[in-house]
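Under our numbering, the first residue of the sequence shown is numbered 18, with each subsequent residue one higher.
Just so you know, even glycine gets a beta-carbon here, dropped at the ideal spot from N, CA and C.
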Amino acid sequence: MTETAEVLYQPRGMTWMDRKRLQKVAGFAVGESVLDIGCAEGPNPFLRGKRVAGFDRKPFARLLPPYTEQFVGDLYDINKVLEGQVFDTITMGEIIEHVEQPFDILRLVHKHVAPGGRLILTTPNVIGLPVIIPELLLLRRFYYTEQHVYCFSPRWVWRILERSGFKMVATKGAGICWAFSWWFPAPAALSYQVIYVATLA
């Protein structure tokens, strides 16, 4: 991918923290085929592979490298849309906190991970900084958006993944985003967003 294509494909609202998280996600990917779920508004320009597909309810405004194709549909219809296709890596960035049935979704996605492949999931951390502060103070003004149905701690993401047919490989912090979009590295327990890497159990 050329530098020009990479710059074009970064959304205007991409923060330094978004960039660091997407780089880490891409670094955990394995194999030659990648399915990036929920990427229309936040494509990952760092993914690599012979086949990099996007899956979202919205089509891309413009299909640019590294993406080679896209699937448009509701996540609950993924089996119908993909018709039994499998991928070496499936990424789900900032998705699971938006769905009311996370177990159902992960069991559907499980069918599309190739043997020896990986699922890479990222989601906000309820005990991460600065999320835990309004949580302890019971504030609804901060980190309590209408779009989020859940907020998980790492142990409970492990539980959901394991009960959905996955085995944990790694849990990594994506860092802490503070005022003015400052980003600081942090362990998973303190990170605002956490990256979970799993294989088929």
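- Contact check for residue 50 and residue 68: beta-carbon distance about 4 Å, within the 8 Å limit, so the pair qualifies.
- The C-alpha of residue 72 lies about 7 Å from the C-alpha of residue 90.
- Pairing residue 142 with residue 78 gives a Cβ-Cβ distance that is not under 9 Å.
- Collapsing the DSSP output to three states places residue 93 in a helix.
- Residue 136 is bridged by DSSP to 107 and 215.
- Residue range 33–45 is occupied by the alpha helix (DSSP H) that includes residue 41.
- When secondary structure is reduced to three states using DSSP, residue 130 falls in the strand class.
- Between residue 134 and residue 42, the CB-CB gap reaches or exceeds 9 Å.
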